[in-house]
Amino acid sequence: MKRSYMKIYTKTGDKGTSATFTGQRRVKDDDVFHALGTTDELSCAVGMAAEFGSEAGHDFVDKLDTIQCMLQDVGSSVATPASSAREMHKRKTDFDSSYVNRLEMWIDEMTMELPPLKNFILPSGGKTATSLHLARTVCRRAERTVVPLVRDGETEEEVLKFLNRLSDFLFTVARYAAMKEGREEKVYKSASKKSLPEDA
Numbered sequence: 002m003k004r005s006y007m008k009i010y011t012k013t014g015d016k017g018t019s020a021t022f023t024g025q026r027r028v029k030d031d032d033v034f035h036a037l038g039t040t041d042e043l044s045c046a047v048g049m050a051a052e053f054g055s056e057a058g059h060d061f062v063d064k065l066d067t068i069q070c071m072l073q074d075v076g077s078s079v080a081t082p083a084s085s086a087r088e089m090h091k092r093k094t095d096f097d098s099s100y101v102n103r104l105e106m107w108i109d110e111m112t113m114e115l116p117p118l119k120n121f122i123l124p125s126g127g128k129t130a131t132s133l134h135l136a137r138t139v140c141r142r143a144e145r146t147v148v149p150l151v152r153d154g155e156t157e158e159e160v161l162k163f164l165n166r167l168s169d170f171l172f173t174v175a176r177y178a179a180m181k182e183g184r185e186e187k188v189y190k191s192a193s194k195k196s197l198p199e200d201a
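My numbering runs 1 ahead of the 1-based position in the sequence shown.
Structure representation (structure tokens):
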């Protein structure tokens with residue numbers, strides 16, 4: 002008996018276009034797909050950080066899993082440009098404003114346990130912390146890709162606010178991970194004031 006399965010490839014994008022959730026086809030270098038691709042990359046970065054965090058036994062891994070689900074909702078909103086969306090599309094992809102409040106609550110909880118930040122720190126503090134810093138930089142890039150969509154009225158402003166707050170959370174949880182693992186965070190020092198190797 003022949004086994005049926007769903008093929009992963011559709012061939013519909015072979016000519017350099019992709020479809021939005023509304024069914025509209027746009028070229029793959031459209032602002033919508035730049036934002037979608039970067040959001041997907043961000044979810045991967047958060048997922049990698051969650052794996053490192055799980056290996057280290059951190060209790061915030063469930064928050065990172067939740068954030069990946071939130072990022073799926075970001076993608077749904079971005080994939081539904083307002084200029085071609087009907088009411089049924091908007092109802093299915095309306096972004097939940099409570100996500101920002103949840104991030105702020107998590108940031109406040111962790112900040113209460115952290116020592117005051119007195120210096121600029123470099124991405125450091127162990128694998129979990131450094132991977133979270135990397136996710137933060139991808140988040141900042143995702144935020145930049147969403148700006149033109151919000152400016153053009155294609156995406157909800159709440160999505161931009163969420164990404165901005167998420168970068169704050171990722172910075173905070175990176176420091177939290179370093180603290181919990183007893184790892185030292187590298188402090189920024191001007192390279193011009195650091196001694197060079199003798200063979201330089």
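For each residue, glycine too, the CB sits at the ideal point set by N, CA and C.
Being a predicted model, the structure only gives us computed values, none of them experimental.
With fewer than 16 neighbouring CB atoms inside 10 Å of its own CB, V188 falls in the exposed class. By the criterion of a C-beta distance shorter than 7 Å, L65 is surrounded in its chain by V47, A50, A51 and G54, once the five residues flanking it on both sides are discounted. Residue state for S19 is assigned as strand, using DSSP reduced to three classes. Under the three-state reduction of DSSP, I9 is assigned to coil, being neither helix nor strand. With distances taken between CA atoms, M111 lies nearest to A179 out of S193, M71, T40 and A179.
Secondary structure note for F170: its alpha helix (DSSP H) is the uninterrupted segment E158 to K181.
By the criterion of at least three beta-carbon pairs nearer than 8 Å, the segment 137-145 is in contact with the segment 166-184. Annotated three-state conformation of R26 is strand, per DSSP. Within the model, the alpha-carbon separation for K181 versus L72 is close to 26 Å.
Note: I122 is bridge-paired with V188 in the DSSP secondary-structure output.
The Cβ neighbour count for L161, taken over all protein chains shown within 10 Å, is at least 16; the residue is labelled buried. In this model, G17 and K29 are separated by some 6 Å (Cα to Cα). Separation of E105 and M7 (C-alpha to C-alpha, rounded to the nearest whole angstrom) is 40 Å. DSSP places E114 outside both helix and strand once states are collapsed to three, so it counts as coil.
H35 carries a helical assignment under DSSP once its states are collapsed to helix, strand and coil. The alpha-carbon of R152 is positioned some 19 Å away from that of G38. Of the residues S84, F61, V79 and T146, the one whose Cα lies closest to the Cα of L133 is F61.
Counting only residues of its own chain and dropping the five nearest sequence neighbours on each side, S84 has a CB closer than 7 Å to the CB of E155. Per DSSP, the continuous alpha helix (DSSP H) segment holding H134 begins and ends at K128 to R152. By the 16-neighbour rule on beta-carbons within 10 angstroms, A175 is buried. As the crow flies, the alpha-carbon of F163 is around 12 Å from that of G76.
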